[in-house]
Structures are given as structure tokens and as C-alpha cells.
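The block underneath contains the structure these notes are about, expressed in C-alpha cells.
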Amino acid sequence: MQPPSPPPAPLQTPPGKKQQSAPQQQQKQQPILGTHSVDVATIRASLSPVVAAVLKDFPSLITLPVQWGEMDSFGHLNNVVYARYFETGRMTFMQQVMQPRLPVAEFARFSTGRGGGASMILGSVTVRYRAPVTFPDTLTVGVRVARAKVGVDRFVLDFAAVSHRLGKVVADGDAVQVVYDYGKKSKVAIPDSIRNVLLENSY
């Protein structure tokens, strides 16, 4: 019986030569707000013809399943939850519409308020309740900006939440986004680059 082979020797560098370090993988820059696994076109294609028709003029979409714990004692989706859904829609609009059309550094400043310059602060939120929603159901929230609502230092996002089970808008509303410099703690004018993106994707 032959003795067992010795373990392989570690890689050695010949005398007079410097050891080369392993190639470093180039790190990809991560999106500021992350990335949805499903883009707008895929979401739109997954909707029923009725729901898709209601949301055809909305450039940003996010589909959210209704959770049992979101019901209230009256057996329908609690009123507060719609504001949360619209908040998710607002961030999705930033992600799907604004982020791909702005330089990375500018979008980082605008979406986080860090680094100085123009960012956003929420001025107000309005929710109008159209029909009660009960579990189980799924809502798709559409978000868009009206050209007439892009002002000097603010713009308004319009929302519509559509029930897949009912096939109609169950809540709509809007959010006033004030353009704000967190360093100066004051309102500022909408930068031209931001304004152009908003107007190019408005109705």
C-alpha cells in the first residue's frame, strides 16, 4: 500500500518576482432607492384589461397585495393604509421615472436630501375614498404628475388605487411635493433638470 499523497503545496512566487494580487471585482453602484424586480411594462402586462385601461395614463405602477392585518373592525381596508400605499407609490415614481433620467449624484441629492441642494419635503397628502376594499384583494397604485401642477417650487403627484377584484378605482388623491434645501432649511426653485423630467412624463 502506497502512503497517502502530501497535501498540495500553496501557490508560491518564483524568486525575484512579486506576487500578483487577485483581480478585484469592480463594484457596481447600487441604486439609491433600490430596484424593483418588476418594471412598469411587466406590471402593466400582468394587469387585467379592465385595470390596465383605468391606469393607461400613469407612467409609474406598483402592485400591492392587501394584507389581512390591514383590515379594521368594520371589515374593510383601514383608511390610514391608503396613505401608506400612496407613499409607496410616491417612492416608486421616484425609482421608475426620476432615477433612470437623472445623473446618479443629482438623483442622490434630490431623493435623500443629503449633500446640499434641492430635495423634497412633503407638503400635504389628500386621499379620497371611492369604495371599500376587503381581503383578499390586490391593488395597483398608479402615480403621475400633471403639467399644470408643476409650479415654481413644488409639484403635485396624482394617485389612483385600483382594485383587481372590483376592477375600478377604490381611492385616489394627491401629494404636494415642495422642493426644499435641508441645509438652508428653506424652499428652493425646482432645478431645470428635475423640471424637465417632470414635464416630459406629465399628462
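Okay, so the sequence shown: first residue is -6 according to the working numbering, each after it adds one. Backbone N, C-alpha and C fix where the C-beta goes; we use that ideal spot for every residue, glycine too. Owing to the predicted nature of the structure, the values given are computational and were not obtained by experimental measurement.
Please classify residue i: does DSSP put it in a helix, a strand, or coil?
{"i": "Ala34", "result": "helix"}
{"i": "Ile187", "result": "helix"}
{"i": "Thr127", "result": "coil"}
{"i": "Pro96", "result": "coil"}
{"i": "Leu192", "result": "helix"}
{"i": "Gly62", "result": "helix"}
{"i": "Arg137", "result": "strand"}
{"i": "Tyr175", "result": "coil"}
{"i": "Val47", "result": "helix"}
{"i": "Gly116", "result": "strand"}
{"i": "Ser156", "result": "strand"}
{"i": "Gly144", "result": "coil"}
{"i": "Ala168", "result": "strand"}
{"i": "Ser39", "result": "helix"}
{"i": "Gln18", "result": "Residue placement at Gln18 cannot be trusted, given a pLDDT of 41 that sits under 50; the coordinates are not used to answer."}
Sorry if obvious, but does the Cβ on residue i come closer than 8 Å to a heavy atom of the ligand COA?
{"i": "Phe51", "result": "This structure lacks the ligand COA, and indeed carries no ligand of any kind."}
Are residue i and residue j touching if we call contact CB-CB under 9 Å?
{"i": "Val118", "j": "Ala76", "result": "yes"}
{"i": "Pro125", "j": "Val59", "result": "no"}
{"i": "Val163", "j": "Leu132", "result": "yes"}
{"i": "Gly135", "j": "Phe148", "result": "no"}
{"i": "Phe79", "j": "Gly166", "result": "yes"}
{"i": "Ser53", "j": "Arg137", "result": "yes"}
{"i": "Leu199", "j": "Thr127", "result": "What the structure shows of the chain is the stretch from -6 to 196, and residue 199 is not part of that stretch, so it cannot be assessed."}
Using only the alpha-carbon positions, how far apart do residue i and residue j sit?
{"i": "Leu48", "j": "Val33", "result": "11 Å"}
{"i": "Ser66", "j": "Gly106", "result": "39 Å"}
{"i": "Asp174", "j": "Met113", "result": "8 Å"}
{"i": "Ile36", "j": "Leu191", "result": "21 Å"}
{"i": "Ile187", "j": "Gly68", "result": "42 Å"}
In terms of alpha-carbon separation, which member of the options lies closest to residue i?
{"i": "Leu159", "options": "Ile36, Val169, Ser41 and Pro52", "result": "Ser41"}
{"i": "Met87", "options": "Gln170, Gly110 and Val120", "result": "Gln170"}
{"i": "Ser179", "options": "Met84, Asn189 and Gly110", "result": "Gly110"}
{"i": "Asp200", "options": "Asp146, Glu63 and Ala38", "result": "The structure shown does not extend to residue 200, since the chain spans only -6 to 196, so no value can be given for it."}
{"i": "Ala139", "options": "Tyr196, Val43, Lys161 and His157", "result": "Tyr196"}
{"i": "Met64", "options": "Lys161, Thr56 and Val74", "result": "Val74"}
{"i": "Ala46", "options": "Arg188, Ala168, Lys177 and Lys161", "result": "Lys161"}
Please go through the same chain and pick out, in chain order, the residues whose beta-carbon is closer than 7 Å to the beta-carbon of residue i, but skip the five residues on each side of it.
{"i": "Lys142", "result": "Phe148 and Val149"}
{"i": "Val44", "result": "Thr133, Val155, His157 and Gly160"}
{"i": "Met91", "result": "Phe100 and Val190"}
Who are the near neighbours of residue i in its chain, counting only those whose CB is closer than 6 Å to its CB and skipping five residues on each side?
{"i": "Arg94", "result": "Val190"}
{"i": "Gly176", "result": "Gly109"}
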